[in-house]
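S.K.: Before I ask anything, here is the structure I am working with.
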Amino acid sequence: AESDQPTVVIGYDTRFLSDRFAIETPRVMAGNEITAWLTRTDAPTPAISYNVKEKGANAGIVITASHNPPRYNGFKLKAGYGGSATADQCALVEEELALMEREGRTPNVMDYQAALDKGLIRRFDPSWSYYQHLATLIDLDR
377 AESDQPTVVI
387 GYDTRFLSDR
397 FAIETPRVMA
407 GNEITAWLTR
417 TDAPTPAISY
427 NVKEKGANAG
437 IVITASHNPP
447 RYNGFKLKAG
457 YGGSATADQC
467 ALVEEELALM
477 EREGRTPNVM
487 DYQAALDKGL
497 IRRFDPSWSY
507 YQHLATLIDL
517 DR
């Protein structure tokens, strides 16, 4: 990461309300002093995974239900190396959410504009750097 402050890359797909969930997610990150890199538009999961690694983020979140039917949606957690979070990493998140629910706590949330102004939410286009990377792997002239 750019500094000692934790960072997370957040992206989303084209499913119903994914973009709305994607706007709320970095507000929670900002409320916990975590810098969130939020995509400006929908993007494929591999582009988010690549940007987690490229930006040196601690984690990534993709708002998607992956291969599941369109009526579903959810959070796909990415580890700092860009791949899927391990079962142990996911369990830590699940345990924290369960604890918050038992204690009746709600997430710390920061106003979206205030978080932008503080630099805790940063919008970016994930595609350009991902496409540049793909061009190093694929012979585009063939």
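Using our numbering, you'd call the opening residue of the sequence shown number 377 and step up by one each time. Note that beta-carbon positions come from the ideal geometry of N, C-alpha and C, so glycine has one too. Bear in mind the structure is a predicted one, so any value in this text is a computation, not a measurement.
1) Let me check one thing: in DSSP terms, what residues is R384 bridge-paired to?
2) With 16 as the cutoff for other CB atoms within 10 Å, does G458 come out buried or exposed?
3) Could you tell me whether the Cβ atoms of P502 and N427 are closer together than 9 Å?
4) Give a yes or no on whether the C-beta atoms belonging to V384 and A433 are separated by under 9 Å.
5) Could you spell out where the alpha helix (DSSP H) holding F397 opens and where it closes?
M.R.: On the basis of the data shown:
1) At residue 384 the sequence reads Val, which differs from the Arg that was named. DSSP output for V384 lists A412, A435 as bridge partner(s).
2) buried
3) yes
4) yes
5) 394-407
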